[in-house]
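Novice: Protein sequences appear in the order of chains A and B. Under the numbering used here, the letters of the first sequence match residues 667 to 1082, in that order. Under the numbering used here, the letters of the second sequence match residues 667 to 1082, in that order. We put the CB at the ideal spot given by N, CA and C, even for glycine.
There are 2 protein chains.
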Amino acid sequence: MNATIISIGTEILLGEITDTNAVYISKMLALYGINVYKRITVGDNAERFKRILNMEYADCDIIITTGGLGPTADDLSKEAACEYFDVPMIFHKDIYDDICGYFERSGKAMSQNNKKQAYLPKDCTVMYNPNGTAPGFILEKQNKTLIMFPGPPKEMIPMFESYAIPYFEKISNQRVFTKNILTYGISESEADKKLGTITDFFPEITYATYAYTGMVRVRLGIKFDRDKHSPILEKAVEKAVELIGGKYVYSTDAPDMQTALVELLKANNITVSTAESCTGGLISKLITDVSGASTVFECGICSYSNRIKSGVLNVSEDILSEYGAVSHQTAIQMAENVRNIVGSDIALSVTGLAGPQGDERKPVGLVYIGISSKRGTFSKEFNFCRGRIRTRDDIRILSANAAFALAIDEIKSIKY
Amino acid sequence: MNATIISIGTEILLGEITDTNAVYISKMLALYGINVYKRITVGDNAERFKRILNMEYADCDIIITTGGLGPTADDLSKEAACEYFDVPMIFHKDIYDDICGYFERSGKAMSQNNKKQAYLPKDCTVMYNPNGTAPGFILEKQNKTLIMFPGPPKEMIPMFESYAIPYFEKISNQRVFTKNILTYGISESEADKKLGTITDFFPEITYATYAYTGMVRVRLGIKFDRDKHSPILEKAVEKAVELIGGKYVYSTDAPDMQTALVELLKANNITVSTAESCTGGLISKLITDVSGASTVFECGICSYSNRIKSGVLNVSEDILSEYGAVSHQTAIQMAENVRNIVGSDIALSVTGLAGPQGDERKPVGLVYIGISSKRGTFSKEFNFCRGRIRTRDDIRILSANAAFALAIDEIKSIKY
């Protein structure tokens, strides 16, 4: 089954907003084994939209659109779709009441234009919108399916979950199951090369590698008929870990390094604290992004100046003047001291040059990451640029992922 | 002049990566007054690509593609384009040497496939790629232009700047100038309504409003002929600020609230520190995202537990037990104490419930933001949910923007 996703909105064509709807829908369709054939972004223009429906239905069975369902006069995609399928628009009293209720609840005045939103194609399945005024719909005509959603992701996603997923479960008897393997310390091409023979062992498995800033994710997938289960995917993951090399694998479950770290901390019932310089709070932000992090994380200190490194984190002024803030010695004291101040089981520290300024002796990208645990404290030197141009953001994310990897290694090797 | 942007890549269609290239190119074309007519995403398939070129050139003058220029056998878009325009591929010795040099520098082995990347359409303008192996090109044939870029943004963007911008400057005599107005505390529809008459005063101005989590950006734009300047845009910004209401306007320059705050701190030569609970380091991370923040920000303490609020931030245990961590009293002590510990001119504190847990008395979304300055310390209560469903992420971003707005208000009102 082929699908085309159409995003309607001039603000997308202008580059003013990033189209996250199409990404979400692509992912969901992949899950149901529905092939996304093409994605298109267009402005709101009824004639052009009709032409696109005409062209695209030659190649696909399902068209899914987002946007263009607003109340204003230039939101005409719904009308164009009705013309294309030659079905009339029908007024829905219940939707009209819903829209009135929405305005009452939010205390805003309803414009007469909003009445237009209560009209939908005859014979469609209505997708009610509890988070906005524009309902969506599913229309099946001439062996083709058209599903139209409003544009705001906060309205689209709940509607997708309530209506589109049950619809896909009805029409597709396939499910794609996937598992992620999180690797660190290995390049994408190396990971890809090492995984090469996996399909010799498991011919039904597909795999792909994705490089992120500082880590590589491997995705294994398998298509099953509905309701069938099989242990193949789990066995393939085991084999993949063996092929890649266990020391590079940081999780076969978590979507990112911070989640892998928090899960490991929870499983071992230990806590972590952080002392950050160049990462500026990013590491504590990422740790606390993980829901439930409060059981393993209590404190992070961002010491962005030498005065704070010595005044708050008690790094010795001699060390700061002799070795500088960007040094093994400072990283070690930062980690050791924050661990003592907080009383956590382990502590991470980061000090480095994220740019824009650096010099020959201490170039941009030079970062020291310290780790302190019951067996002692050490620091590791990284040079994240080494001939490559990296943005400030990149260096900070690379530092955070390196810190998470170091903490995971430490916890595993001392077996708390 | 109409342009269509084509992104080539199966990983985009699968929703595995977000297509930031198309967003960047859309923005750049808007700047040169080139109308983006459509955006398309397709997999790597030579026949389909040729069909799309055929269809799209009926409506547009320029097609810009990203991706599909890799060394592997299934990267065939370049070849398909040559067939479409009926031009042969030419071997470029200098590009081949470049590719060899790239592999030498990075210490990796070059595959024979990479030689394919040194072939480009006859008569094209080569776009050299210092950050990768795939060169791009600009081909002008039959009154149409085809510009092909490699997919990785780190390769595409520098090539765009070096080659595509000079090309657009040559072919387009228009420039679109834009100015952003950053507002806080006003809804998108209110801002839009208040701005309604701006085109009566400045008919040549276009405007648009964009809602973000916790703020609304207004963009004013004007098209000029090349090299012409006019004070109209500046005057329109002044008028727009007057129409929206000055108290809602936080910057007519900065792209976001943290940059507006850092710029204001710098201009007044004052420093800020932060004490965060539910935002978990997000505020210090956002402040240090701004290049040059180190002159105004020295320290942020993330106190994620009561033990740290009392032990590190010296919040009185009586206050914590009587009023709880999520209270005016705690927010005030956090701000006051971090300001004293750090010795900064002002200090911000945030304590609240970002979820998932909350209760009736203290629901998810309840956040107290404290601010301390030389004139004293106070806290403001926010309820970011109030009948709406908000994610943990949303509540944290709303809290950060509210904190930035509060700090900007404070600095302006006491005129440091």
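Chain A partners of Phe963 (chain B), CB-CB under 9 Å?
Specialist: Gly946, Cys968, Tyr970 and Ser971
Novice: State the start and end residues of the unbroken beta strand (DSSP E) segment that holds Gly1036 (chain A).
Specialist: Leu1032 to Ser1039
Novice: Out of B:Ser960, B:Arg973, B:Gly977 and B:Ser971, point me to the one whose CA is closest to Tyr970 (chain A)'s CA.
Specialist: It is B:Ser960.
Novice: Please report whether the beta-carbon of Arg841 (chain A) lies at a distance below 9 Å from any beta-carbon of chain B.
Specialist: no
Novice: Quick check: the region 915 to 935 of chain B against the region 844 to 862 of chain A, are there 3 or more CB pairs under 8 Å?
Specialist: Short answer: they don't touch.
Novice: My assumption, with CB atoms under 8 Å, is that Ala1001 (chain A) sits in contact with Ala991 (chain A). Please give the rounded CB distance.
Specialist: That pair is no contact at about 14 Å.
Novice: Below 6 Å CB to CB, which residues in the same chain sit around Phe1045 (chain A) once its five sequence neighbours on both sides are set aside?
Specialist: The question names Phe, but residue 1045 (chain A) in the sequence shown is Ser. If we look at Ser1045 (chain A) and ignore the five residues flanking it on each side, its Cβ neighbours are His994, Ala997, Ile998, Tyr1034 and Gly1036.
Novice: State the start and end residues of the unbroken beta strand (DSSP E) segment that holds Leu948 (chain B).
Specialist: Segment Leu948 to Asp955 is the alpha helix (DSSP H) holding Leu948 (chain B); no beta strand (DSSP E) there.
Novice: State yes or no: is the beta carbon of Ser743 (chain A) nearer than 9 Å to at least one beta carbon in chain B?
Specialist: no
Novice: Asp1088 (chain A) by DSSP, collapsed to three states: which one?
Specialist: In the structure as shown, chain A begins at 667 and stops at 1082. Residue 1088 (chain A) is therefore absent and cannot be evaluated.
Novice: Which residue wins for smallest C-alpha separation from Glu964 (chain B), given the options B:Ile761, B:Thr865, B:Ser1010 and B:Asp1059?
Specialist: B:Ser1010
Novice: As a quick exercise: from A:Met822, A:Gly851, A:Asn701 and A:Thr707, pick the residue whose alpha carbon is nearest that of Gly880 (chain A).
Specialist: Considering only A:Met822, A:Gly851, A:Asn701 and A:Thr707, the residue with the shortest C-alpha distance to Gly880 (chain A) is A:Gly851.
Novice: For the region 682 to 748 of chain B, list the alpha helix (DSSP H) runs that are entirely contained and at least 4 residues long, ordered along the chain.
Specialist: 686 to 697 and 712 to 722
Novice: Quick one, are the C-beta atoms of Ala688 (chain B) and Thr732 (chain B) less than 9 Å apart?
Specialist: Result yes, Cβ atoms of Ala688 (chain B) and Thr732 (chain B) sit closer than 9 Å.
Novice: Identify the contact partners of Ser1038 (chain B) in chain A, using a Cβ-Cβ distance below 8 Å as the criterion.
Specialist: Under the 8 Å cutoff, chain A gives no residues; its nearest Cβ is about 17 Å from Ser1038 (chain B).
Novice: Going by the DSSP bridge assignment, what does Ala877 (chain B) pair with across the sheet?
Specialist: In the DSSP output, where bridge partners are listed per residue, Ala877 (chain B) has B:Val882.
Novice: CB-CB under 6 Å to Asn1125 (chain B), same chain, minus the five flanking residues each way: which ones, in chain order?
Specialist: The structure shown does not extend to residue 1125 (chain B), since chain B is modelled only from 667 through 1082, so no value can be given for it.
Novice: Starting from the beta carbon of Met721 (chain A), find every residue of chain B whose beta carbon is closer than 9 Å, and list them in chain order.
Specialist: At a C-beta separation below 9 Å, Met721 (chain A) has these neighbours in chain B: Met721.
Novice: Give the DSSP bridge partners of Cys766 (chain A), in chain order.
Specialist: BP columns for Cys766 (chain A) are empty, so no partner.
Novice: If you follow the beta strand (DSSP E) that Gln808 (chain B) is in, where does it begin and where does it stop?
Specialist: Careful: Gln808 (chain B) lies outside any beta strand (DSSP E) and carries neither H nor E.
Novice: If you count every other CB in all the chains shown that lies within 10 Å of the CB of Phe867 (chain A), and 16 or more means buried, which is it?
Specialist: exposed
Novice: With burial defined as no fewer than 16 other Cβ atoms inside 10 Å of the residue's Cβ, what is the status of Arg1056 (chain A): buried or exposed?
Specialist: buried
Novice: Counting only beta-carbon separations shorter than 9 Å, does Met923 (chain A) have a partner in chain B?
Specialist: no
Novice: Closer than 9 Å, CB to CB, is Met881 (chain A) near chain B or not?
Specialist: Chain B, which has no Cβ nearer than 9 Å to the Cβ of Met881 (chain A), makes this no.
Novice: At 4 residues or longer, what runs of the alpha helix (DSSP H) sit wholly inside the region 923 to 948 of chain B?
Specialist: Runs found: 923 to 934.
Novice: Going along chain A, which residues have a C-beta under 8 Å from Tyr690 (chain B)?
Specialist: Gly681
Novice: DSSP puts Pro787 (chain B) in a beta bridge; with which residues?
Specialist: B:Met755
Novice: What does DSSP give as the partner residues of Ala959 (chain A) in its beta bridges?
Specialist: Per DSSP, none; premise fails for Ala959 (chain A).
Novice: Anything in chain A within Cβ reach of Val978 (chain B), meaning under 7 Å, just list it in chain order.
Specialist: The answer, in chain order, is Cys965 and Ile1007.
Novice: Taking only three categories from DSSP, how would you classify Leu1072 (chain B)?
Specialist: helix
Novice: Tell me, please, whether the CB atom of Met793 (chain A) is closer than 9 Å to any CB atom in chain B?
Specialist: Met793 (chain A) has a beta carbon lying at 9 Å or more from every beta carbon in chain B.
Novice: Do you know offhand how far Glu770 (chain B)'s Cα is from Thr954 (chain A)'s?
Specialist: C-alpha separation (whole angstroms): 42 Å.
Novice: Near Ala874 (chain A), which residues of its chain fall below 6 Å by C-beta distance, leaving aside the five closest residues on each side in sequence?
Specialist: Arg885
Novice: Taking only three categories from DSSP, how would you classify Phe867 (chain A)?
Specialist: helix
Novice: In chain A, what lies closer than 7 Å to Ala696 (chain B) by C-beta?
Specialist: For Ala696 (chain B), the neighbours in chain A by C-beta distance under 7 Å run, in chain order, Leu680 and Gly681.
Novice: Looking at C-beta atoms only, is the number of pairs between the region 685 to 702 of chain B and the region 826 to 844 of chain B that lie closer than 8 Å three or more?
Specialist: yes
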